[in-house]
Amino acid sequence: MKAAVITAFGQQLEIVQRPIPRPGPHQVLVRLETCGLCHTDIHAAQGDWPVQPVLPVIPGHEGIGIVEELGDQVGDRTVGERVAIAWLGSACGRCRYCVDGRETLCPAQQNSGYSVDGAFTEYAVANSGYVVPVPDGISSFDAAPLSCAGLTAYKALKVAGVVPTENVGVFGIGGLGHLAVQYAQILGGTVFAVDVEEVKLDLAQELGARHVVNAAVVDPVAAITALGGLDVAVVLAASPRVFEQAFASLRPGGRLVCVALPGKETMAIPIFETVLKGITVVGSIVGTRQDLSEVFALHAAGRTRVMAQSRRLEDLDAAMADVLSGRVPARLVVEFEGAAWPVPRAHTVVADVTS
Numbered sequence: 018m019k020a021a022v023i024t025a026f027g028q029q030l031e032i033v034q035r036p037i038p039r040p041g042p043h044q045v046l047v048r049l050e051t052c053g054l055c056h057t058d059i060h061a062a063q064g065d066w067p068v069q070p071v072l073p074v075i076p077g078h079e080g081i082g083i084v085e086e087l088g089d090q091v092g093d094r095t096v097g098e099r100v101a102i103a104w105l106g107s108a109c110g111r112c113r114y115c116v117d118g119r120e121t122l123c124p125a126q127q128n129s130g131y132s133v134d135g136a137f138t139e140y141a142v143a144n145s146g147y148v149v150p151v152p153d154g155i156s157s158f159d160a161a162p163l164s165c166a167g168l169t170a171y172k173a174l175k176v177a178g179v180v181p182t183e184n185v186g187v188f189g190i191g192g193l194g195h196l197a198v199q200y201a202q203i204l205g206g207t208v209f210a211v212d213v214e215e216v217k218l219d220l221a222q223e224l225g226a227r228h229v230v231n232a233a234v235v236d237p238v239a240a241i242t243a244l245g246g247l248d249v250a251v252v253l254a255a256s257p258r259v260f261e262q263a264f265a266s267l268r269p270g271g272r273l274v275c276v277a278l279p280g281k282e283t284m285a286i287p288i289f290e291t292v293l294k295g296i297t298v299v300g301s302i303v304g305t306r307q308d309l310s311e312v313f314a315l316h317a318a319g320r321t322r323v324m325a326q327s328r329r330l331e332d333l334d335a336a337m338a339d340v341l342s343g344r345v346p347a348r349l350v351v352e353f354e355g356a357a358w359p360v361p362r363a364h365t366v367v368a369d370v371t372s
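So the mapping is simple: this note's numbering equals the position in the sequence shown, first residue as 1, plus 17.
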């Protein structure tokens, strides 16, 4: 099988031939149809996060494919079923976080494409209990970015506790941001979209944002404050300065939701203003299997649109460079040759441009 492999940090990925793996006792073998490119895959390739993956590793955690083989003791999946391989590859299922609905905080979790091999490959094995069924009516091309970009954006809006009529700022309109704009509206929020690229702001308006702010042209804090300020600010741009601008845009009682991960950098938040204005600062990390099922259900019901571009697996390094440029107004997706859902396509890639 063909696979993209990280063999050294900061170097190009290698496209190699490997034997098709066999599923273990609680695993399924999945024939991949698509896999989205997330900024986390770039962090894995560069090794610039505090916790680095053990190399070599196959990146990718937005994989969609067909179950082709069941390992021993697998009773919850069937051959021929279409599933998503997401970031949460597995968890212990017993700790306080797993049992109270916060499985993405499990200290024993394994992460697809980071601590275990992921989905930028023609075949992958995955824990049968942690792959998520993809409903009919969703193309595998759309399902790939929904498995992380959609999931992460959706969970951030749930964490924020958005209620109808609240002003919701989405900072960074890309793979996550264009979906966050839509989820904020589904929850009844009035959306403020903030970015430095006009093409992304045009996309946000097309998707229903009420206000757009080009932070490269105007002071976003002043512009947003003049419009009444924000109740919720969701930060999807990996810049400490953007976190600080988002905080300063909040009105009393506001919530700052931190999603993007700018490596080892820190943000400066004023304690005095945090206390006097009753500001809440919260981190939001991807989402659970239940959250992903809800994301898929919303898309199957026609409530969301996925903006994505196609790439070849062999062009994965170039796709990562496109993401780092900040100019790509959509997710990038790799589709694998011979995919049967909904029609056969050539190799392609879906990518995250924000986190």
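From the three backbone atoms N, C-alpha and C, an ideal C-beta is built for every residue, glycine too. Predicted, not measured: the structure shown is a model, and the values here were computed from it.
With 16 other CB atoms within 10 Å as the buried threshold, where does residue i fall?
i      : result
ILE190 : buried
GLU223 : exposed
LEU247 : buried
GLU183 : buried
ASP153 : exposed
VAL96  : exposed
PRO40  : buried
SER342 : exposed
ILE288 : exposed
GLY130 : buried
VAL323 : buried
ARG94  : buried
LEU168 : buried
GLU79  : buried
VAL299 : exposed
SER157 : buried
ALA233 : exposed
Helix, strand or coil, according to DSSP, for residue i in the structure here?
i      : result
TYR147 : coil
CYS311 : Residue 311 is actually Glu in this sequence, not Cys. Three-state result, GLU311: helix.
PHE289 : helix
CYS55  : coil
THR95  : coil
VAL370 : With a pLDDT of 36 at VAL370, under the threshold of 50, the modelled position of that residue is not reliable, and the figure given next carries that caveat. The answer is coil: DSSP assigns VAL370 none of H, G, I, E or B.
GLU373 : Outside the shown range of the chain, which is 18 to 372, sits residue 373, and nothing can be said about it.
CYS109 : coil
THR182 : coil
VAL360 : Bear in mind that the predicted position of VAL360 carries a pLDDT of just 38, short of 50, making it too unreliable to give a figure here.
ARG48  : strand
LEU349 : strand
ARG268 : strand
THR242 : helix
ASP248 : strand
GLY194 : helix
THR297 : strand
LEU174 : helix
Within its chain, find whatever has a CB closer than 6 Å to the CB of residue i; leave out the 5 residues flanking it on each side and keep chain order.
i      : result
GLU282 : PRO257
PRO38  : VAL142
PRO36  : none
Do residue i and residue j have their C-beta atoms within less than 8 Å of each other?
i      : j      : result
ILE83  : ARG48  : yes
ALA161 : GLY53  : yes
ALA143 : GLY106 : yes
LEU309 : ALA101 : yes
ALA201 : VAL185 : yes
GLY27  : GLY64  : yes
ALA317 : LEU349 : no
VAL351 : ILE59  : no
GLN262 : GLY225 : no
ARG272 : ALA125 : no
HIS195 : LEU220 : yes
Within a Cβ cutoff of 8 Å, which residues of the same chain sit near residue i, ignoring the five residues on either side of it in sequence?
i      : result
THR307 : The question names Thr, but residue 307 in the sequence shown is Gln. Same-chain partners within the cutoff: GLY118.
GLN44  : GLY88, VAL91, VAL142, ALA143, ASN144, SER145
VAL360 : Reliability of the predicted coordinates at VAL360 is poor, the pLDDT of 38 falling under 50, and the value obtained from them is presented with this limitation in mind. Cβ within range, chain order: n/a, list empty.
VAL303 : ALA103, TRP104, LEU105, THR121, CYS165, LEU168, THR169, LYS172
So, for residue i: in the same chain, excluding its five sequence neighbours on each side, which residues have a beta-carbon less than 7 Å away from its beta-carbon?
i      : result
LEU218 : ILE190, ALA210, ASP212, VAL229, ASN231
ALA254 : PHE188, GLY189, ALA277, THR371
THR24  : GLU31, LEU72, PRO73
VAL180 : GLY205
THR242 : SER266
GLN127 : GLY106, SER107, VAL133
Going by DSSP, name the residue or residues bridged to residue i.
i      : result
THR207 : ASN184
TYR140 : ARG48
SER327 : VAL350
ASP212 : ASN231
GLN127 : SER107
VAL100 : GLY82, PRO150
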